[in-house]
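Following: one structure in structure tokens, then a few remarks.
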Amino acid sequence: MTEEDFALLRSHRNNIYRYRRLLETQLSTLERQYLERRLSEEQTAIEMLSRSIFPLKLGAVNVSRRPSPTTA
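For reference, each letter of the sequence shown is one residue, going 0 to 71 in numbering that gives the first Met the number 0.
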């Protein structure tokens, strides 16, 4: 695993946390839909990256796909 891989994982993880925090705020429907789509894209990206880094050993990094606060 290279420094670039670590940086990409950190970046995706930070984006996921940021989108989750934003989803807890008061948003318009359009803003919420955008953030939910971006959250899903970031989760998919981190899963794909982790599979390429750890193909057989660990599988995907365990990033829970929590439902958005409005659907919980």
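Backbone N, C-alpha and C define an ideal beta-carbon position, used for all residues, glycine too.
CA nearest to the CA of residue i, picked from the options
i, options, result
"Arg75", "Ser49, Ala44 and Ser39", "With the chain covering 0 to 71 only, the question about residue 75 has no answer from this structure."
CA-to-CA distance, residue j to residue i, given in whole angstroms
i, j, result
"Tyr33", "Ser27", "10 Å"
"Asp4", "Leu48", "8 Å"
"Glu23", "Ile52", "32 Å"
"Ala6", "Arg12", "10 Å"
"Ser10", "Arg31", "21 Å"
"Leu8", "Arg36", "19 Å"
Neighbour-count burial assignment, residue i, 16 or more Cβ in a 10 Å radius
i, result
"Glu2", "exposed"
Cut-off 8 Å between Cβ atoms - residues of its own chain near residue i, not counting five sequence neighbours on either side
i, result
"Ile15", "Leu38, Glu41, Gln42, Ile45 and Val62"
Close-in-space but distant-in-sequence residues of the same chain around residue i (CB under 6 Å, 5 per side omitted)
i, result
"Leu29", "none"
"Leu21", "Leu34"
"Arg17", "none"
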